[in-house]
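Novice: By the numbering used here, the letter at position 148 of the sequence shown is numbered 1369, and the numbering carries on one by one without gaps. Ideal Cβ placement from N, Cα and C applies to all residues, glycine included. Please read these numbers as outputs of a predicted model, since none were measured by experiment.
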Amino acid sequence: RDFPSISPTYASGLVVLDVEMGEVTFQASSDAGETYERLAWHPSNNWLTVLSWKRRGLPEPGWHLFDMDLRDGKRRSRIGHGIHEIGTIKWSPNGKKLAMGYSPYSGEVRMLCAMIEADSTQVRILNDEYFIHAIYWDGDSRKVFCCGLKGISSHIFCVDTVSGRREVVADRTGVNSLSGISRDERTLLTVFRGLTSIHDVYVISLDSGRWQSRAVTHFSDQLAKYDLSNAEVVEWPSYDGLVLQGVIVPPLGKSMSPEYP
1222 RDFPSISPTY ASGLVVLDVE MGEVTFQASS DAGETYERLA WHPSNNWLTV LSWKRRGLPE
1282 PGWHLFDMDL RDGKRRSRIG HGIHEIGTIK WSPNGKKLAM GYSPYSGEVR MLCAMIEADS
1342 TQVRILNDEY FIHAIYWDGD SRKVFCCGLK GISSHIFCVD TVSGRREVVA DRTGVNSLSG
1402 ISRDERTLLT VFRGLTSIHD VYVISLDSGR WQSRAVTHFS DQLAKYDLSN AEVVEWPSYD
1462 GLVLQGVIVP PLGKSMSPEY P
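1) By Cβ distance below 7 Å, which residues in the same chain neighbour VAL1383 in space, the five residues on each side in sequence not counted?
2) Three-state secondary structure (DSSP) at GLN1343?
3) For GLN1248, which residues does DSSP report across the bridge?
4) What is the DSSP secondary structure of ALA1452, counted as helix, strand or coil?
5) Spatial neighbours of TRP1203 within its chain, please: CB distance less than 6 Å, with the 5 preceding and 5 following residues excluded, ordered by chain position.
6) Are the beta-carbon atoms belonging to MET1332 and GLY1322 less than 8 Å from one another?
7) Can you name, in chain order, every residue of its own chain whose Cβ lies under 8 Å from the Cβ of SER1265, other than the five neighbours on each side?
8) Using a Cβ-Cβ cut-off of 7 Å (strictly less than) and excluding sequence neighbours within five positions of ARG1404, which residues of its own chain qualify?
9) Output the distance between the C-alpha atoms of HIS1305 and GLU1406, rounded to the nearest integer angstrom.
10) In angstroms with no decimal places, state the Cα-to-Cα distance between HIS1439 and LEU1465.
11) If I measure Cβ to Cβ from GLY1356 and keep anything under 6 Å in the same chain, skipping five residues before and after, which residues do I get?
12) Counting pairs of beta carbons, one from the region 1440-1450 and one from the region 1341-1354, are three or more of them closer than 8 Å?
13) How many whole angstroms separate the CB atoms of THR1417 and ASN1397, which I take to be in contact at a CB cut-off of 8 Å?
14) Where PHE1287 and ARG1387 are concerned, what is the direct C-alpha to C-alpha distance, given to the nearest angstrom?
15) Just to confirm the assignment, what range does the beta strand (DSSP E) spanning GLY1401 have?
16) Name the DSSP beta bridge partners of MET1483, please?
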């Protein structure tokens, strides 16, 4: 592990290991004060896309997204060094598109669904409605399926990177987590937890043009014997117009009122 609070000269190491031969095939080290945060292996197997971070006070601070050639160790810069936050990164199966979480705002962390073409450094925002934290590509390298935060809920949506068409797959109030996609991209494996439920596994399938959800596990049934309060979602605008959400849990059998501020 790195300890940036102790020394500004720390660095990250990158090692590629052939697990069949048991041999190290590539090694690299970051600049002083720089950490490698995330990696995305290009399907060509010739290079990695690396997301690194260098703290303020050092030369060229901020986030940096670059390609590292595994044959000669050379770097090709894509984004940065800069102040724009970058999150998860994932190459499409055909290696022509890199999907990622990206914040176009200065000084604010709002990770939006974005994409870069393999031969470009221009970022294209695919969806600015959700703050994303997970990305899955379909097998045709055309659609991205994402988990995104909107208010207190985490929803699942997909974006067609060619047409720009966006579709919400699961938007129940609570936390929807995407765990896998079938090869024909018509069935998703998800985990859901609501305001008054615990985690259960669901299968969401595309049927007659609509996404249909079916529970696979029923752990939340254990709560049926308990009396639970009806949690209520409340909203208010932030200083910049963004709608924020919170949860009010009133006393059992009561609703939100001035009596219970």
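Specialist: Judging by the given coordinates:
1) Exclusion of the five residues before and after VAL1383 leaves ARG1363 as the residues of its chain whose Cβ lies within less than 7 Å of its Cβ.
2) In the three-state reduction of the DSSP assignment, GLN1343 falls in the coil class.
3) VAL1236.
4) Coil at ALA1452, not helix or strand.
5) No answer is possible for residue 1203: it lies beyond the span of the chain, which begins at 1222 and ends at 1482.
6) A contact, by the Cβ cut-off of 8 Å.
7) Take SER1265, set aside five residues on each side of it, and the residues of its chain with a beta-carbon closer than 8 Å to its own are GLY1316, in chain order.
8) Answer for ARG1404: GLY1360, listed in chain order.
9) Those two C-alpha atoms are separated by around 32 Å.
10) Distance between the alpha carbons of HIS1439 and LEU1465: 31 Å.
11) Rather than Gly, the amino acid found at residue 1356 in this sequence is Ile. Scanning its chain for C-beta atoms nearer than 6 Å, with the 5 sequence neighbours on each side dropped, one finds around ILE1356 the residues THR1309, LYS1311, ALA1320, VAL1365, CYS1367, in chain order.
12) In this structure the region 1440-1450 does not lie against the region 1341-1354, because fewer than three pairs of beta carbons, one per stretch, are closer than 8 Å.
13) Going by Cβ atoms, the distance from THR1417 to ASN1397 rounds to 16 Å, so no, they are not a contact pair.
14) Between the C-alpha atoms of PHE1287 and ARG1387 there is a straight-line separation of about 28 Å.
15) Per DSSP, GLY1401 belongs to the beta strand (DSSP E) from 1396-1402.
16) With the chain covering 1222 to 1482 only, the question about residue 1483 has no answer from this structure.
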